[in-house]
C-alpha cells in the first residue's frame, strides 16, 4: 500500500515544529509542486503511521488542519481527498518572502554575516513568540483523552491549534 | 469511559524499600502513554503490577475495569507484556515459541507473527538461546504483538534494537493503534523517541508519580523564564527548577499566568527539557494541589493522578 502512496512523509525530530505541522507543510509543499492535485487521495492515516511511526492522532490532526484550510476534504469511508491546489503565485506568504528578501539584501550590504543575521532573527522570533502552546482537545469525539476531574482551565487557556 | 489501566493508592514494597508509593494513575483507552523516570523509580514495578506479575503491597489496580488477578484468564487475554528479561523459553526453537503463542492465546495472529519473524530474517529453526539479545527481543515483541491484546505493557521495548528494527517496531506498534485502538504503555529513556508516538506522559521519580498528563498540556503549561541574576519578581505558578549563573537565572515554571516581568524572556521548553527538570528536582514536582504528589497530598477519587490544567494553583 505504501508503494502506491503519492506522497511520502518525513519527520524532522529536531525542527522545533510540532509534528502535525510538519505533515501539514509537506502536503502544502506537495500541492505547490503539483505532486498532489485535486482529486488525489492523501495517504490513509493507517499508511502514514506505518511509514513514519507517529501517533495516529497526529496524522488525524494534520488532515483536520488541511481540511480547515480548505485544501482537502474527508469523505466518510473513502479517505481524504485533495480539493484545492496551491499555485505558487497565490502563495499567501509571497509578500512576506519578498520583504524578507529585501531585508536580507540590506543586512548583507550592512556587512552582516550569517551568524549575526541568525541572532537578529532569533531575537525577533522570541520577542514575538506566542506565550501559548496549543492544548490537547477536550472534545468528546476524540476518545484518546485523559480523564479530567471537572476542573476549569486557567484563565489564559485559549482554544487554538492543536500541537499534534 | 473505562480506563485501560487504573491504579489507586498503589504501593509496592521490597523488604525495606518502596518501589512505588501513593500512585494514582488512569491510562485512557486508545492512548499511547510514555513512562519515564530514573532506573529504580518504579517503572518496571508499575508495568509488572499492571501485568499481574507483581502483587501490590497496598492500593488497587484494575485493567479495563476489572481487578487484576495474576492468573485470571480474562486479564491475561487482554494484555501483552514485554520486558528486558524476554519471557521466552530458551531451549525452544523460534517456531516452537510461536506455536506456544498460538496455543495459549485465543486471539493469536499466526500469519502476522510468522510474517514479522520472516521479515526480520530470524530462522524458525534457531533455538532462542542461540539468538542475539536484539533478536530475542524481537521474537519476544513479535509474540507480544501477535497476541492482539487490548493493552500493551512494554518495558523499554526498543532498548536492544538497532535503528532499523526500532523504526520497524514503532511502525508496527502505531499501526496496531490505528487499526485496533490498542492502548499502549511503554517505558523508555529516550524522550525524542517517545515524543512522536506518545500522546500522554507519566514521569515517575522517587517512587511516585511526578507528572501524568497529555503531552500537549504538559508543554502548554510550562514556561522557561530567562533573566538577570535573582528571582523573577511576582511570577505565580509552581517553580520546577532554577538554574543560576552569576549573571543569569533560568526558571522552569508550571501554570504561570501573569505577564512576564520586564527584562525577562519567556521561552517554550521542549519535552526533553521539561522531563529532565522534573527528574532533577523530584521534590519540586510534587504540587500539593495537583493530586500527583506525595503522602498526604493525594486528592480522592480516580483520575486525579491525571491532570489537565487546573484552577487549583496551576496544577499540572
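Protein chains in written order, with the working numbering: chain S, 12 to 175; chain A, 3 to 318. Built from N, CA and C at the ideal position, the CB exists for glycine as well.
Assigned secondary structure, residue 157 of chain A (DSSP; H/G/I helix, E/B strand, else coil)
strand
DSSP-derived helix/strand/coil call for residue 26 of chain A:
strand
With a threshold of 16 other CB atoms inside 10 Å of the CB of residue 19 of chain A, please say whether the residue is buried or exposed.
exposed
Would you kindly work out how many angstroms separate the C-alpha atoms of residue 90 of chain A and residue 106 of chain A, rounded to a whole number?
13 Å
Cβ separation of residue 196 of chain A and residue 36 of chain A, assumed to be a contact under 8 Å, to the nearest whole Å
4 Å
Leaving out the 5 sequence neighbours to the left and right, which residues in its chain are closer than 8 Å to residue 36 of chain S when beta-carbon positions are compared?
28
In chain S, which residues lie with their C-beta within 9 Å of the C-beta of residue 102 of chain A?
Those do not exist, as residue 102 of chain A stays about 28 Å from chain S at its closest Cβ, beyond 9 Å.
First and last residue of the uninterrupted beta strand (DSSP E) at residue 31 of chain S:
Premise fails: residue 31 of chain S lies in the alpha helix (DSSP H), 30-44, not in any beta strand (DSSP E).
Three-way DSSP call (helix, strand, coil) for residue 109 of chain A in this model:
coil
Considering only C-alpha positions, which residue in the set A:165, A:164, A:252 and A:146 is nearest to residue 156 of chain A?
A:146
Residues in the region 18-30 of chain S with C-beta within 7 Å of chain A's C-beta atoms, listed in sequence order?
22, 24 and 30
Enumerate in chain order the residues of its own chain whose CB-to-CB distance from residue 67 of chain S is below 6 Å, with the five nearest sequence positions on each side excluded.
56 and 60
Just curious, the beta strand (DSSP E) that residue 83 of chain A is in, first and last residue?
81-84
Taking contact to mean at least 3 C-beta pairs separated by less than 8 Å, is the region 200-217 of chain A in contact with the region 119-136 of chain A?
no
Could you round the C-beta distance between residue 14 of chain A and residue 59 of chain A to whole angstroms and report it? I think they count as a contact, below 8 Å.
5 Å
Would you say residue 137 of chain S lies against chain A (beta-carbon separation less than 8 Å)?
yes
Own chain, CB closer than 6 Å to residue 21 of chain S, minus 5 neighbours either side, in chain order
none
Cβ pair residue 186 of chain A, residue 34 of chain A closer than 8 Å
yes
Could you please give the first and the last residue of the uninterrupted beta strand (DSSP E) stretch that includes residue 216 of chain A?
210-216
Helix, strand or coil for residue 190 of chain A? Go by DSSP, reduced to three states.
coil
Between the region 155-176 of chain A and chain S, which residues of the former have a C-beta closer than 9 Å to a C-beta of the latter?
168, 169, 170, 171, 172, 173, 174, 175 and 176
Tell me whether residue 16 of chain A sits in a helix, a strand or coil according to DSSP, three-state version.
strand
Is there a C-beta anywhere in chain S that falls below 8 Å from the one on residue 146 of chain A?
no
Determine the direct distance from the alpha carbon of residue 257 of chain A to that of residue 317 of chain A, and round the result to whole angstroms.
Any reading at residue 317 of chain A must be qualified, since the residue scores a pLDDT of 30, below 50, and its modelled position is unreliable; no value is offered.
Please name the residues in the region 175-205 of chain A whose beta-carbon is closer than 8 Å to at least one beta-carbon of chain S, in chain order.
175, 176, 177, 179, 180, 181, 183, 194, 197, 198, 199, 200, 201 and 202
Does DSSP put residue 292 of chain A in a helix, in a strand, or in coil?
Annotation note: pLDDT 40 at residue 292 of chain A (below 50); position unreliable, coordinate value reported separately. Correct three-state label for residue 292 of chain A: coil.
Spatial distance of residue 65 of chain A from residue 49 of chain A (CA atoms)
12 Å
Out of curiosity, what's the CA-to-CA distance linking residue 250 of chain A and residue 243 of chain A?
14 Å
Residue range of the beta strand (DSSP E) that includes residue 78 of chain S:
Element bounds for residue 78 of chain S: not the beta strand (DSSP E) but the alpha helix (DSSP H), 67-79.
Have a look at A:245, A:78 and A:177 and flag the residue whose alpha-carbon is nearest the alpha-carbon of residue 53 of chain A.
A:78
Per DSSP, what kind of secondary structure is residue 50 of chain S in: helix, strand or coil?
coil
Can we count residue 121 of chain S as close to the ligand SAH, meaning its CB is less than 7 Å from some heavy atom?
With respect to small molecules bound, the structure shown includes none, and the ligand SAH cannot be examined in it.
C-beta neighbour in chain S for residue 269 of chain A, strict 8 Å
yes
Would you say residue 278 of chain A faces chain S, with C-beta separation under 8 Å as the test?
no
Residue 277 of chain A and residue 38 of chain A: beta carbons closer than 8 Å?
yes
Hey, residue 167 of chain A and residue 136 of chain A: beta-carbon distance below 8 Å or not?
yes
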